[in-house]
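Participant:
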Amino acid sequence: MSGMITKKAEYKCSGEVRDRQDGSHFTLGMFPYTHFTSPIRRYVDIIVHRLLHCALDNKGSCYTRDEVSVMCKYLNEVTNRAKNYQTHCRALRWGHKLFKEPKIVHGFVKTVSENEVSVVIPGYRSLPQSSKTIQLNSLNAVNKPAFKTDTFTGREILELTWKKRLYSFNGYTLTQTKETKQDGYRLNPHSRGFFQKLRKWKVILEDFTSAKSQKDKMKRLKKIFNDKKNGNSKENTYKLLDYIPACYKTEPDVSSELREGPITLQSCQFTMTFNHQQILPIQLSAESVRGVLIPQIEIFDMTNNVKHCFLHVKDPIKYLEQYATSPSKERYISAVDYLRTWKPLVEMESAANSVKSSTATINDVPVKFLSQNEGKFSLSKAFCDQRNIDINKTPLSVFLNEKEAVDEENEEGIKNIASPDYLCIKCPIFKTHENKHDIMNGTIPPSDYYLWLAHAKIDRTKIRKVKTDFIFRLHRNSKQVPPGLMVENSKNRCSIEIIFKSSVDQRIDAVLQCLNKATTLAQAIATGNDIPYLGTGKTYTGIKLVYLFNQINLKRQAMGNEKKQIIFCGPSNKSVDLVAKWMTKKFEDKCPILVRWYGSTIEDEEYPIPGKTQTQTRVEKTKADKICVSEEQKTVWNTLQCQIRGQESKAKRSISAMNRDAQTNVLAQQS
1 MSGMITKKAE YKCSGEVRDR QDGSHFTLGM FPYTHFTSPI RRYVDIIVHR LLHCALDNKG
61 SCYTRDEVSV MCKYLNEVTN RAKNYQTHCR ALRWGHKLFK EPKIVHGFVK TVSENEVSVV
121 IPGYRSLPQS SKTIQLNSLN AVNKPAFKTD TFTGREILEL TWKKRLYSFN GYTLTQTKET
181 KQDGYRLNPH SRGFFQKLRK WKVILEDFTS AKSQKDKMKR LKKIFNDKKN GNSKENTYKL
241 LDYIPACYKT EPDVSSELRE GPITLQSCQF TMTFNHQQIL PIQLSAESVR GVLIPQIEIF
301 DMTNNVKHCF LHVKDPIKYL EQYATSPSKE RYISAVDYLR TWKPLVEMES AANSVKSSTA
361 TINDVPVKFL SQNEGKFSLS KAFCDQRNID INKTPLSVFL NEKEAVDEEN EEGIKNIASP
421 DYLCIKCPIF KTHENKHDIM NGTIPPSDYY LWLAHAKIDR TKIRKVKTDF IFRLHRNSKQ
481 VPPGLMVENS KNRCSIEIIF KSSVDQRIDA VLQCLNKATT LAQAIATGND IPYLGTGKTY
541 TGIKLVYLFN QINLKRQAMG NEKKQIIFCG PSNKSVDLVA KWMTKKFEDK CPILVRWYGS
601 TIEDEEYPIP GKTQTQTRVE KTKADKICVS EEQKTVWNTL QCQIRGQESK AKRSISAMNR
661 DAQTNVLAQQ S
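What follows is the structure, encoded as structure tokens:
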């Protein structure tokens, strides 16, 4: 038998060892190697003692080669089970500790790949590898990972690109300080590291090694770092970054805000690199996996304005809604039974879709917590309009009223929202004294603070003339609100990430809640009861009406009257597309000239307005019908949006001028 090899030790029969490297002790450099000094504690030592006695007594071996191989295999399995049990026990201990109090730690990048970034956390060696890995798909980068090669070390450097809407409640932030290219900002990857000149580093080492006690060492270090004669000013620190290739022409933080002028570029594009031994500030917590608390990375504290939450990205249903427990059925007792079954399913789908859409983050927001379950924040109408922040405020009464209630959602008063948007709230909690300047500069120790994280859903709004109060309800999986945030006029400021629901999911959720007051036919369709023959003939009636009115217009035009057009409206894009398709198939050459008029959602997708941000999912975007935009059908079935931008259109010149002005404002902000 021998000890093994490089990283993981195992037992092997000496007859199966092929070469010296396969059977030597890596650390001691010995061949062959085995342990036998603890026969009471290790059974393998008893086997070695028996073999040793047989050799000393000049007797034959008491075990055959196959028997030793079988015992080595069994002992390896038992040893691995014991080590795995020990690892799981340590992870469980860390899980209970981190669940009560999350910790900010500085991890060092170990390896990078196309899928993940692996870090090493000093003092947390016993954590499982999954707790020390950042999955790239949880960072919501807009482009695929790009790789460069470090000219000094030859290692790979990972580069990720983001495009986010980052705002400040104060109205502006002092972030970008240097000239930036139009393709975005570059973030300083070593913002949590401190670079010193060699002369100063020599002084630090001499004072640190000559100090007798730990207290004396800390005193000398503080004196050195606070001495401006040694070049500790803020200006000198920024000058040192220009001599570091990875930090050259980078920014400490990013934001969409401007000190002066309107915001014309809502999304802020920026990149950051990940290199070997780079410091990454991450927050460790724990989540329950099959009833066991497992440590995990919940927040990547990238900068003061950019903080990535991994919880709602990895499992949006768990942290934004809740999992449904009732399966669907063929028939339902009543509309209430249908609603009880399908509303959780619709909410699950809404949560899963919302994390795939663009979000808006507002930093430095004063939040007032009304209880452990509720809180509120206020935003002015001008603030939201300038930043294109459209939080859903539509009450359920809008869907219930037979008459149109377009302005009802903007009327003053308290209203319950039919299908509210989600919130991800982060707030720094200081364990010692609050020092906002230190945390903005990245000089605060990770042990002196942590980020309180909670998820919520906007429950109702209180609309006033100038501003709107948004009252939210915390998710049941959110941690308790710290006592410091419950204090009246608390100085703590929160970062609120607004996770928008798509308009389709909002309508489905809202209409579903109106089922109790719907028609008998709608309830019968939902519950699975007997219904009349499918179809009411609306499509064929629409086709006949369009054809009839077109014939009337042609006769009136032949009599010398003015040329008229027909506007056909339907409840959805698909219903109107269906009528248009059937008309082109049925009437062929006799079909009237059709012009398709799509809504603002599709128009903004086909002809985006510069500087305007649309809440669209990254997976599937709303598009016009393929037939209406195909080359062979454009002469027969065009869109109104195409015609007003055509060569012969009078409005083309004014639309082009408006787009040029908007694009000029966007480019001016980028430069």
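Letter by letter, the sequence shown follows residues 1 to 671 in UniProt numbering.
For every residue, glycine included, the Cβ atom is placed at its ideal position computed from N, Cα and C.
Quantities reported herein were computed from a predicted structural model and do not represent experimental measurements.
1) With respect to the beta strand (DSSP E) encompassing S118, which residues constitute its N-terminal and C-terminal limits?
2) Leaving out the 5 sequence neighbours to the left and right, which residues in its chain are closer than 6 Å to Y338 when beta-carbon positions are compared?
3) Could you name the residues of the same chain whose beta carbon sits closer than 6 Å to that of P39, not counting the 5 residues immediately before and after it, in chain order?
4) So what does DSSP say about R653, is it helix, strand or coil?
5) Could you spell out the range, first to last residue, of the alpha helix (DSSP H) harbouring N305?
6) With burial defined as no fewer than 16 other Cβ atoms inside 10 Å of the residue's Cβ, what is the status of F195: buried or exposed?
7) Got a sec? Which residues, its chain only, sit under 8 Å from I655 by beta carbon, not counting five neighbours each side?
8) Run through DSSP, which three-state label would I496 get?
9) In the DSSP output, what is N416 paired with across the bridge?
10) Report the option in F472, D448 and K467 whose CA atom is closest to the CA atom of I458.
11) Let me know if H308 comes out buried or exposed under the rule of 16 or more other beta-carbons within 10 Å of its beta-carbon.
12) Counting C-beta neighbours from all protein chains within 10 Å, is the total for A580 16 or more, i.e. buried, or is it exposed?
13) Taking just the CA atoms, how far does G570 sit from A335?
14) Do the segment 298-306 and the segment 271-289 make contact, defined as three or more Cβ pairs closer than 8 Å?
15) Taking the alpha carbon of K100 as the point to measure from, which residue in S478, I609 and T639 has its own alpha carbon closest?
16) Measuring straight from C-alpha to C-alpha, what distance separates F430 and Y449?
17) S210 lies in the alpha helix (DSSP H); which residues open and close that run?
18) What separation, rounded to the nearest whole angstrom, lies between the Cα atoms of Q322 and M348?
19) For S213, name the three-state secondary structure that DSSP assigns.
20) Report all residues from its chain with a CB closer than 7 Å to the CB of N170; omit the five preceding and five following residues, and keep chain order.
21) Just the Cα atoms here: how many angstroms apart are L345 and N492?
22) Determine whether the beta carbon atoms of L51 and Y43 lie at a separation below 8 Å.
23) How would you write the range of the alpha helix (DSSP H) that T520 sits in, first residue to last?
24) So what's R165 in DSSP terms, helix, strand or just coil?
25) Between the segment 361-375 and the segment 492-511, do three or more beta carbon pairs fall short of 8 Å?
26) Just how far apart, CA to CA, sit R65 and N84?
27) Decide if H312 is buried, meaning its Cβ has at least 16 other Cβ atoms within 10 Å, or exposed.
28) Please go through the same chain and pick out, in chain order, the residues whose beta-carbon is closer than 7 Å to the beta-carbon of K467, but skip the five residues on each side of it.
29) Which partner residues does I644 have in the DSSP bridge list?
30) Identify, in the order they occur along the chain, each residue of the same chain with its Cβ nearer than 7 Å to the Cβ of V355, setting aside the five sequence neighbours on each side.
31) Just to confirm the assignment: which complete beta strand (DSSP E) runs, minimum length 3, are found wholly within the segment 337-366?
32) Mind checking residue 685: buried by the 16 CB within 10 Å criterion, or exposed?
33) Which class does D385 belong to by DSSP, given the choice of helix, strand or coil?
34) Report whether the distance from the Cβ of P102 to the nearest heavy atom of the ligand MG is below 7 Å.
35) Leaving out five residues on either side along the sequence, give the residues of the same chain with a beta carbon under 8 Å from the beta carbon of P327.
36) Could you tell me whether the Cβ atoms of S419 and D509 are closer together than 8 Å?
Facilitator: With the given structure in hand:
1) Residue mapping note: residue 118 aligns to position 118 of the sequence shown, counting from 1. Taken as a continuous stretch (DSSP letters only), the beta strand (DSSP E) holding S118 covers E116 to V120.
2) Residue numbering aside, residue 338 sits at position 338 when the sequence shown is read from its first letter. Here the set comprises Y332, A526 and T527.
3) The residue you call residue 39 lines up with position 39 of the sequence shown. Closer than 6 Å at Cβ, skipping near neighbours: D45, I46 and H49.
4) Taking the sequence shown and counting its residues from 1, one reaches residue 653 at position 653. If DSSP states are grouped into helix, strand and coil, R653 belongs with the helices.
5) Locating residue 305 in the sequence shown gives position 305, counting from the first residue. No alpha helix (DSSP H) contains N305, which DSSP labels as neither H nor E.
6) Start at 1 with the first residue of the sequence shown, and residue 195 comes out as number 195. Exposed, since its Cβ has fewer than 16 Cβ neighbours within 10 Å.
7) Translated into positions along the sequence shown, residue 655 becomes position 655. Within the same chain, I644 and R645 come within 8 Å of I655 by CB-CB distance, once the 5 residues on both sides are set aside.
8) For the purposes of this step, residue 496 is taken as residue 496 along the sequence shown, with counting starting at 1. I496 sits in a strand when the DSSP states are folded into three classes.
9) Indexing the sequence shown from 1 puts residue 416 at position 416. Here N416 is bridged, per DSSP, to R460.
10) Locating residue 458 in the sequence shown gives position 458, counting from the first residue. Here the closest residue by C-alpha is F472.
11) Within the sequence shown, residue 308 is the residue found at index 308, counting from 1. Label assigned to H308: buried.
12) Counting from one through the sequence shown, the residue named residue 580 turns up at place 580. In the assembly as shown, A580 is a buried residue. Its beta-carbon has 16 or more other beta-carbons within 10 Å.
13) Here the question's residue 335 lines up with position 335 in the sequence shown. Here the question's residue 570 lines up with position 570 in the sequence shown. Going by the C-alpha atoms only, they are around 27 Å apart.
14) At 8 Å Cβ cutoff, the stretches touch.
15) Residue numbering aside, residue 100 sits at position 100 when the sequence shown is read from its first letter. Out of S478, I609 and T639, S478 has the C-alpha closest to the C-alpha of K100.
16) As a first step, residue 430 must be located in the sequence shown, where it is residue number 430. As a first step, residue 449 must be located in the sequence shown, where it is residue number 449. When rounded, the distance between both Cα atoms is 4 Å.
17) Taking the first residue of the sequence shown as position 1, residue 210 is located at position 210. Here the alpha helix (DSSP H) through S210 covers L198 to S210.
18) For the purposes of this step, residue 322 is taken as residue 322 along the sequence shown, with counting starting at 1. For the purposes of this step, residue 348 is taken as residue 348 along the sequence shown, with counting starting at 1. Distance between the alpha carbons of Q322 and M348 is about 7 Å.
19) In the sequence shown, counting from the first residue as 1, residue 213 sits at position 213. In this structure, S213 counts as coil in the three-state DSSP scheme.
20) Position 170 of the sequence shown, counted from the first residue, corresponds to residue 170. Closer than 7 Å at the Cβ level, and outside the excluded window around N170, lie D364.
21) Position 345 of the sequence shown holds residue 345. Position 492 of the sequence shown holds residue 492. Roughly 37 Å separates the two Cα atoms.
22) Translated into the one-based positions of the sequence shown, residue 51 becomes position 51. Translated into the one-based positions of the sequence shown, residue 43 becomes position 43. No, Cβ-Cβ distance for L51 and Y43 is not below 8 Å.
23) Translated into the one-based positions of the sequence shown, residue 520 becomes position 520. DSSP places T520 in the uninterrupted alpha helix (DSSP H) bounded by T520 to T527.
24) As a first step, residue 165 is located in the sequence shown; it is residue number 165 there, counting from the start. Of the three classes helix, strand and coil, the one that applies to R165 here is strand, per DSSP.
25) Proximity of the segment 361-375 to the segment 492-511 meets the contact definition, three or more beta-carbon pairs being nearer than 8 Å.
26) On the sequence shown, residue 65 is found 65 positions in, with the first residue counted as 1. On the sequence shown, residue 84 is found 84 positions in, with the first residue counted as 1. Distance between the alpha carbons of R65 and N84 is about 29 Å.
27) Within the sequence shown, residue 312 is the residue found at index 312, counting from 1. H312 should be labelled buried.
28) Against the sequence shown, residue 467 aligns to sequence position 467. If we look at K467 and ignore the five residues flanking it on each side, its Cβ neighbours are S378, L379, S380 and K381.
29) Here residue 644 is taken as the residue at index 644 of the sequence shown, counted from 1. None; I644 has no bridge partner.
30) The residue given as residue 355 occupies position 355 in the sequence shown. Within the same chain, V355 has close Cβ partners H312, V313, P316 and I499.
31) Within the segment 337-366, the complete beta strand (DSSP E) runs of at least 3 residues are 359-365.
32) This structure cannot speak to residue 685, because the chain is shown only from 1 to 671.
33) The residue you call residue 385 lines up with position 385 of the sequence shown. In the structure shown, the three-state DSSP call for D385 is helix.
34) In terms of ligand content, the structure shown is empty, and the ligand MG therefore cannot be addressed.
35) On the sequence shown, residue 327 is found 327 positions in, with the first residue counted as 1. Answer for P327: T341, listed in chain order.
36) Within the sequence shown, residue 419 is the residue found at index 419, counting from 1. Within the sequence shown, residue 509 is the residue found at index 509, counting from 1. Yes, these two residues count as a Cβ contact at 8 Å.
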